[in-house]
Amino acid sequence: MQTIASRSEDVVRRFFDAYLHLRDLDKTLECLADDIRWIGTGDFERAGKGFCDCRELLIEEFKATPGSFDVKLRNLYSVEAGKACYTDGDMSVVDPSSGKGVNVRISAMCGEVPDGRCLIQGIHASLPSGEQPDGEFFPTSFLGEGNELSSQSRRSAFQLLKNSIPGGLIGGYIEKGFPLYFINDQLLGYLGYSSYEDFVEDTGGMVENGIHPGDRDRVNTLVNESMTVTDSYEVSYRMLRRDGSYIWVLDRGLRNISEDGRPVIVSIVVDITRSHELQEQLQQSVVSLKEKNAELEACHAVVFNGFAKLAADAEYTILEANDQFFCMIGYTREEVRGQFGNRAINFVYAEDLIVGNDEIRNRKATGRFSIPFRVRRKDGSDIWVRLDACRAEERWNGHEVLYCFYTDIDEQQRREADYRRQRYFMSLIDSSLEGGFFVTDGGDERRLAYISEGMLYFLGYEPDVFQGLMAGGLEAIVCSDDVALFRTAWREAVNGCYEQEYRIRKGDGQVIWVLEKGRLVVDGEGEPVCICLLLDITERKMRQDELIRQTRLDPLTGLYNREYAVYPDVFGYPPRRAFFRPAGVRSRSFQARQRSLWPPARRRRADRFRQAVAGIFPYPGFCGPHGRG
């Protein structure tokens, strides 16, 4: 899309080509606005009553001078001001029949009219005076020398252009502090002043005092550096208003010589406060920038992955894009333009495009939307990106325009895919176990940090019920006699691994034996964490108890056998008293009980015990659970 400056220069070129070369009335008039004001090179050559007056004057001129001229425009310079632009330059006009020519200075004010066209609203042409000295900004040497009418005409032309510029004019001497040379009414209005005298009083007659203190060094440095290379400069800064606030301005200046021979800078100053605020808002929505820049390219340069300006047509035509965008897709600008016709649709997977179009249609009304999709690169690979887009105010060929910011989320998407696969395999493992997984902290109470769905099913608890029950940790369902085992299991870990058996109570009240197999690890914060596998071993424990019972009983009589009574170390129980004690309760050893007897009785019992073992006669303690000894 053309800028207002390029459109202004284009309409000026078309105007002079139609006016002087083609001598085409209709094409000449197509370049003029309805409120056109035209000042020529003569003292009284002014069309100040609009389009109709210009048309009548052109008809008369074309009749009087029907011939064609060769026209060449040079050194066009434009200053933008919103939807208006000031353009000036030089033009040579040559009569092909005679070879004679003349150089003309031109200046024009162009602006956008309601139908979208850029037309000339004010134009002035002047012939350099051979009597005016070079370097004289205004023809001051003509004053008082019989050139009153010519001077008046020139002053009128200057006032017309000065007051037609949608911005301010200010001049300052190239001296310390830039003493004020002049300032126009538009700039005084920008700054909240009603008179020239008030401005001089507040600034002390120094242009520098009207610049924000934080911007002065930067402005002085830039102006001085520019003046060493060329006679012009361009800089943006904050300018002081009378109420103490500041506005952002764009200052485009040119070095000249004043009538008293002192070097001066004459500047066109445009209020860009609103534009600057909008730019800051845009930058804050994309990324925090360390430096603020008035140009959109600066914003493009700092976007993490890519920026593109797209038309919301069927093919999402690329209107503008930064280097990061082309780096992301792996194509150059020329390749995208030549091979794909700037169609962004060519780089998006078809299945992602269907989903993306639906999402855009649903959310476009809000002005902002964000969608993930895959981008197909030049090398055949694909990457995941997130598109954050907002709708612009402008339109292109009747379509809405979208500002699109691309963020590379390929690594994130692949991590999420890996995580989903891991979750899937964990669920398969979890569902195949007769138990489940859980994670606790490394504290004495071992508070629950995670529990698998398989374990919830295994325990027979509903998630909400279990969550309320587990406020104090998993030990809430551990049998009270085994809580100590549960709490300290991990303390016996060898190389981080441990095993422990204990009893728990299921949701239906059933008590079962479980085996906890765990590993002690350290989390990201350096705290111990137990990752545990819980298995149901109730059936195994029952089989084990049955085997023990069978080893204690004679298969024919059903009575306890000799090995069970004689060899207490096998089963952990002493003779005689073993049959009267609950399972799991240990007593004093046989030797300790023998030592507590009276020595003669001790010797007598020992002899009888040896004889019983040898099978000489029965020992009363071996006769069963009711024996005596």
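With positions in the sequence shown counted from 1, the corresponding number in my numbering is that position plus 16.
Every residue gets a Cβ at the ideal spot worked out from N, C-alpha and C, and that includes glycine.
Nothing here was measured: the structure is a model prediction, and the numbers come from that model.
Integer Cβ distance of residue i from residue j, believed to fall under 8 angstroms
i	j	result
T456	C546	5 angstroms
I8	L203	Residue 8 lies beyond the stretch modelled for the chain, which goes from 17 to 645, so this question has no answer here.
E532	E515	7 angstroms
F389	I376	The Cβ separation is near 11 angstroms, so there is no contact.
Whole-angstrom distance between residue j and residue i, CA atom to CA atom
i	j	result
Y422	L403	5 angstroms
F32	E46	12 angstroms
Y262	N240	24 angstroms
F1	E491	As shown, the chain starts at 17 and ends at 645. That puts residue 1 outside it, with no answer to give.
E213	S24	36 angstroms
T81	Y35	11 angstroms
K522	Y473	10 angstroms
P229	E96	26 angstroms
R349	Q137	38 angstroms
D69	D51	10 angstroms
D395	G346	7 angstroms
L48	R29	12 angstroms
F13	V235	Since the first residue of the chain shown is 17 and the last is 645, residue 13 is not available in this structure.
D424	Q355	24 angstroms
A100	M107	22 angstroms
V285	R254	11 angstroms
G205	T289	15 angstroms
I281	I55	26 angstroms
C513	Q560	25 angstroms
Where residue i falls: helix, strand or coil (DSSP)
i	result
F80	Strictly speaking, residue 80 in this sequence is Ala, with Phe absent from that position. Of the three classes helix, strand and coil, the one that applies to A80 here is helix, per DSSP.
F453	strand
T289	helix
C47	coil
F85	coil
F32	helix
C420	strand
L17	Checking the displayed sequence, the identity of residue 17 turns out to be Met instead of Leu. Correct three-state label for M17: coil.
V251	strand
Q516	strand
N362	helix
A11	For residue 11 there is no data in the structure shown, the boundaries of the chain being 17 and 645.
E275	coil
P229	helix
S22	helix
Q137	strand
N511	coil
V129	coil
T348	coil
Y589	In this prediction, Y589 scores a pLDDT of 43, lower than 50, which makes its location untrustworthy; no coordinate-derived value is stated.
K533	strand
N373	helix
E72	helix
D104	strand
N236	helix
D395	coil
Proximity of residue i and residue j at Cβ, strictly below 8 angstroms
i	j	result
L408	V401	One point to set straight first is that residue 408 is Ala, not Leu, in the sequence displayed. It is not a contact, given that the beta carbons lie outside the stated cut-off.
D287	V265	yes
D276	V251	no
G260	S283	no
I139	P279	no
L207	R257	yes
L92	G105	yes
R39	F78	yes
R353	T333	no
F454	L551	no
I467	V494	no
S142	V120	yes
I20	L41	no
C134	T103	no
Residue i versus the options, residue with shortest Cα-Cα distance
i	options	result
R392	I361, F385, Y212 and Q526	I361
V245	Q137, H415, S397 and R271	R271
W529	W506, P544 and M558	M558
I199	S210, G184 and K192	G184
G525	G476, V87 and F482	G476
F85	V352, H37 and L74	H37
Q297	S242, H415 and C406	C406
E336	E293, G542, W412 and G459	W412
Y518	C548, F502 and D201	F502
G220	D231, K192 and G132	K192
E410	M471, L326 and D111	L326
S22	A505, I564 and E128	E128
Q340	V364, Q300 and C420	C420
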